[in-house]
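Same order as they appear, the protein sequences are chains A and B. Oh and the first sequence: position 39 is 189 in the working numbering, straight run, nothing missing. Oh and the second sequence: position 45 is 53 in the working numbering, straight run, nothing missing. Here is the structure we will look at, set down as structure tokens.
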Amino acid sequence: MRAMWMLAGWLAAACAVAAGPDEAKVEQLMNAPAAPVKPAAPSKADKKAAAAQAENDTVTSLVGQRVAVETRQRGVYIGTLTAVTRDAVTLLIQLPSRDLSYSVPRGDIAAVTAR
Amino acid sequence: MKIMLIGYALSLMFVLLMVVRVWRASALDGILTLLLPFYFIVAMIKYWNEPDHNIRFHVLGMLVCSGIAYYGATRVAKDMLGTPEERQALVQAMREDGDKLTPEQEKGLLSDDPEVVLRTMQQIEEQNGGVEYSDESGPGGEAAVDTQPRDAEFDNPRPVAAQERPVETLSYAEAARRAVFNRGTYTRDAIGVSIDVPSKFRLISATDARRLDQSRGRTEDPRGLAWIIHERLSLADPDAWHVTARWHSDGWVGAAPLDGPALLDAALANKTPAPRVMTSQGDLVGYAAAPQFDGQVIDWVEERVLANSDEQVVDCHAVRLGRRGVLEFSIVGMPTKSTALCHETVRLIAQRSSFLPGKEYPPAAPAEGLRASYTIAALASHAR
């Protein structure tokens with residue numbers, strides 16, 4: 151029985167190698183239940199940085215200004231920073247047809263810069 | 009072919025030996041065995057116990073050799089008809105050439121029964137005034153019906169309007185049922201592009217894609233090249249996502265620095281955007297993945313809020329640059345929760361695509377040929 155499981159695992163691995171890493175990644179995403187992209191778990195260094203940041207949070211000082219928020223997944227959002235909480239920052243993005251209030255999770259943010 | 013001929017020859021030999029043996033017993037039985045199809049059964053029973061005239065082993069030998077000949081004949085028929093994939097490619101090539109195929113003819117060509125396929129091929133040949141279709145496979149398994157290189161799009165690099173054809177109104181389900189799913193490598197010699205379809209995906213030709221769009225009352229996309237859909241998704245489901253492959257014969261596109269925030273700033277400030285790539289009907293909110301260029305492919309993901317709705321979706325793009333234009337792969341209107349899947353899929357397919365030798369993207373503008381009026385930065389920011 152163990153040999154069969156090993157063989158099945160070996161076959162799955164061989165298929166993944168044959169398909170290539172990119173294709174295997176797409177397959178993995180196809181099989182995974184659709185879920186919001188979770189931000190990367192903060193490392194110890196990140197936690198220390200976050201703690202230091204909490205004391206002197208520069209993001210809070212940008213409230214009311216037009217900012218660019220860059221995320222860890224290469225995302226970019228530009229708008230007026232309206233609120234900063236421990237969990238998220240909120241932007242007011244002016245669209246041609248309406249104003250949109252858009253929240254970006256704090257754990258997802260790589261940089262916030264004034265524009 | 010050899011097997012069939014050997015089988016027939018041995019079978020004939022056994023028949024002649026059988027006739028000789030029976031003839032020696034009775035001339036009348038010998039003549040009847042030779043002329044009447046199943047008389048050998050009578051002769052076999054009649055002379056069963058006569059050691060000098062029984063033909064049991066001759067009959068057995070004849071039947072075995074006939075079986076071998078039949079096997080050989082079916083192999084010849086299969087070789088002539090080609091594999092189901094080759095016949096699918098043939099159907100697609102005939103459609104792209106504007107040949108009128110009825111649904112029955114399509115079904116006949118794709119049938120598993122060789123007789124049905126042969127009959128349909130003969131019918132089509134008669135319909136086309138004796139023009140014979142070849143089932144030879146070109147590079148990558150694509151049927152090469154038209155041996156003449158079609159360089160119309162290269163000679164005239166501006167967008168070429170799709171050929172006018174009588175519009176057939178179909179339901180979406182019927183259009184999906186008729187679509188032919190292609191695997192392997194898809195090559196368009198006219199634009200010099202090749203797509204190695206990932207093993208879990210299937211490619212649907214522009215003709216089938218157009219038919220599906222028409223069945224939903226959508227306008228025809230003159231740049232449409234193909235749809236690529238995952239094997240686990242049903243084409244019959246109108247909500248199933250797919251990658252749309254499009255060809256922009258705009259000429260060589262210049263590279264430019266890609267600064268995500270600056271591009272987004274420009275895109276948000278532009279009140280009259282001119283998107284060249286497919287986009288959802290809605291306002292741009294931001295880049296879920298800012299544009300990135302690796303020297304051959306630019307990819308990015310736009311987050312949009314749909315018009316008259318609060319629903320947010322993502323449009324994913326990967327564009328491979330070529331010498332005479334760009335090859336676009338887009339998924340539009342994907343839920344934001346599937347951003348990673350959407351992005352990775354277009355990137356995968358763009359990585360699996362390539363331009364044929366001499367048609368690849370040169371980093372510097374070529375001395376000859378058309379140059380696009382926009383850069384890759386304008387492509388991603390929808391600037392004019």
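In this text, a Cβ means the ideal position worked out from N, Cα and C, and glycines have one as well. In this text, all values refer to a predicted model and were calculated from it rather than measured experimentally.
Test item: CB-CB of residue i and residue j under 7 Å
i: Leu-118 (chain B); j: Thr-128 (chain B); result: no
i: Asp-229 (chain B); j: Ser-247 (chain A); result: no
i: His-351 (chain B); j: Ala-275 (chain B); result: no
i: Arg-392 (chain B); j: Ala-263 (chain B); result: no
i: Arg-216 (chain A); j: Thr-232 (chain A); result: no
i: Ala-326 (chain B); j: Val-305 (chain B); result: yes
i: Phe-363 (chain B); j: Gly-192 (chain B); result: no
i: Ala-380 (chain B); j: Asp-258 (chain B); result: yes
i: Phe-189 (chain B); j: Ala-253 (chain B); result: no
i: Ile-243 (chain A); j: Leu-272 (chain B); result: no
i: Gly-312 (chain B); j: Ser-288 (chain B); result: Per the sequence shown, residue 312 (chain B) should be read as Arg rather than Gly. Yes, these two residues count as a Cβ contact at 7 Å.
i: Ala-218 (chain A); j: Pro-269 (chain B); result: yes
i: Val-285 (chain B); j: Ile-357 (chain B); result: no
i: Ala-51 (chain B); j: Val-27 (chain B); result: no
i: Ala-187 (chain B); j: Ile-212 (chain B); result: yes
i: Ala-215 (chain B); j: Arg-103 (chain B); result: It should be noted that the sequence gives Thr, not Ala, for residue 215 (chain B). Going by C-beta atoms, Thr-215 (chain B) is nearer than 7 Å to Arg-103 (chain B).
i: Tyr-252 (chain A); j: Leu-241 (chain A); result: yes
i: Leu-335 (chain B); j: Trp-255 (chain B); result: yes
i: Pro-403 (chain B); j: Tyr-180 (chain B); result: What the structure shows of chain B is the stretch from 9 to 392, and residue 403 (chain B) is not part of that stretch, so it cannot be assessed.
i: Leu-243 (chain B); j: Ala-298 (chain B); result: no
i: Leu-213 (chain A); j: Val-262 (chain A); result: For the sequence presented, residue 213 (chain A) should be read as Val rather than Leu. Going by C-beta atoms, Val-213 (chain A) is not nearer than 7 Å to Val-262 (chain A).
Extent of the continuous beta strand (DSSP E) run through residue i
i: Ser-362 (chain B); result: 361-363
i: Gln-244 (chain A); result: 238-244
i: Glu-112 (chain B); result: Unbroken run through Glu-112 (chain B) is the alpha helix (DSSP H), 111-117; no beta strand (DSSP E).
i: Phe-209 (chain B); result: 209-213
i: Arg-33 (chain B); result: Residue identity differs from the one stated: residue 33 (chain B) is Ala in this sequence, not Arg. Careful: Ala-33 (chain B) lies outside any beta strand (DSSP E), inside the alpha helix (DSSP H) at 10-33.
i: Phe-301 (chain B); result: 290-301
i: Pro-281 (chain B); result: Here Pro-281 (chain B) belongs to no beta strand (DSSP E), and DSSP marks it neither H nor E.
i: Phe-337 (chain B); result: 334-343
i: Ser-251 (chain A); result: 249-255
i: Gly-229 (chain A); result: 226-234
i: Glu-376 (chain B); result: Counting along the chain, Glu-376 (chain B) falls outside any beta strand (DSSP E), and DSSP gives it neither H nor E.
i: Ser-202 (chain B); result: 201-204
Test: residue i CB closer than 7 Å to a CB of chain A
i: Pro-281 (chain B); result: no
i: Val-285 (chain B); result: no
i: Thr-1 (chain B); result: There is simply no residue 1 (chain B) to check, as chain B begins at 9 and stops at 392 in what is shown.
i: Glu-114 (chain B); result: no
i: Gly-294 (chain B); result: yes
i: Leu-272 (chain B); result: yes
i: Asp-291 (chain B); result: yes
i: Pro-206 (chain B); result: yes
i: Gly-303 (chain B); result: no
i: Ala-298 (chain B); result: yes
i: Gly-138 (chain B); result: Bear in mind that a pLDDT of 48 at Gly-138 (chain B), under 50, signals an unreliable position, so the number given afterwards is only what the model happens to contain. Closer than 7 Å: no.
N- and C-terminal bounds of the alpha helix (DSSP H) containing residue i
i: Val-66 (chain B); result: The question names Val, but residue 66 (chain B) is His in the sequence shown. Here the alpha helix (DSSP H) through His-66 (chain B) covers 64-89.
i: Val-124 (chain B); result: 122-135
i: Gly-268 (chain B); result: 268-277
i: Val-176 (chain A); result: 171-181
Any C-beta of chain B under 7 Å from that of residue i
i: Ser-247 (chain A); result: yes
i: Gly-225 (chain A); result: yes
i: Val-137 (chain A); result: In the structure as shown, chain A begins at 151 and stops at 265. Residue 137 (chain A) is therefore absent and cannot be evaluated.
i: Ala-280 (chain A); result: Because chain A spans 151 through 265 in this model, residue 280 (chain A) falls outside it and cannot be assessed.
i: Ala-234 (chain A); result: Checking the sequence shown, residue 234 (chain A) turns out to be Val, not Ala. No, Val-234 (chain A) lies away from the interface with chain B (no Cβ there is under 7 Å from its Cβ).
i: Asp-258 (chain A); result: no
i: Leu-139 (chain A); result: Here chain A covers residues 151 to 265 and nothing more, so residue 139 (chain A) does not appear.
i: Ala-264 (chain A); result: no
i: Leu-212 (chain A); result: no
i: Val-176 (chain A); result: yes
i: Leu-231 (chain A); result: no
i: Pro-255 (chain A); result: no
Next on the checklist: For the region 251-261 of chain A against the region 218-232 of chain A, do three or more pairs of beta-carbon atoms, one drawn from each stretch, fall closer than 8 Å, so that the two count as touching?
Outcome noted: yes
Checklist entry - Is it a yes or a no for the region 106-115 of chain B touching the region 39-58 of chain B, going by three-plus beta-carbon pairs under 8 Å? => result no
Checklist entry - If you measure beta-carbon to beta-carbon, which residues of the region 333-360 of chain B are closer than 8 Å to chain A? => result Sequence-ordered contacts of the region 333-360 of chain B with chain A read Pro-343, Thr-344, Lys-345, Ser-346, Thr-347, Ala-348, Leu-349, Glu-352, Thr-353, Arg-355, Leu-356, Gln-359 [C-beta pairs closer than 8 Å].
Next on the checklist: To be precise: take each residue of the region 223-247 of chain B, compare its Cβ to all Cβ atoms of chain A, and keep it if any distance is under 7 Å. Which residues remain?
Outcome noted: His-238, Arg-240
Next on the checklist: Beta carbons nearer than 8 Å to chain A: which residues of the region 75-86 of chain B have them?
Outcome noted: Residues: none.
Next on the checklist: When you compare the region 63-73 of chain B with the region 21-34 of chain B, are there three or more beta-carbon pairs, one atom per stretch, that lie closer than 8 Å?
Outcome noted: yes
Item to check | Residues of the region 254-273 of chain B whose Cβ lies closer than 7 Å to any Cβ of chain A, in chain order | outcome: Gly-268, Pro-269, Leu-272, Asp-273
Checklist entry - Should the region 327-334 of chain B be called in touch with the region 294-314 of chain B, which here means at least 3 C-beta pairs below 8 Å? => result yes
Checklist entry - Are the region 342-359 of chain B and the region 171-184 of chain A in contact at 8 Å, needing three or more beta carbon pairs? => result yes
Next on the checklist: Across the region 364-371 of chain B and the region 313-323 of chain B, are there enough close Cβ pairs to call them in contact, namely three or more that are closer than 8 Å?
Outcome noted: no
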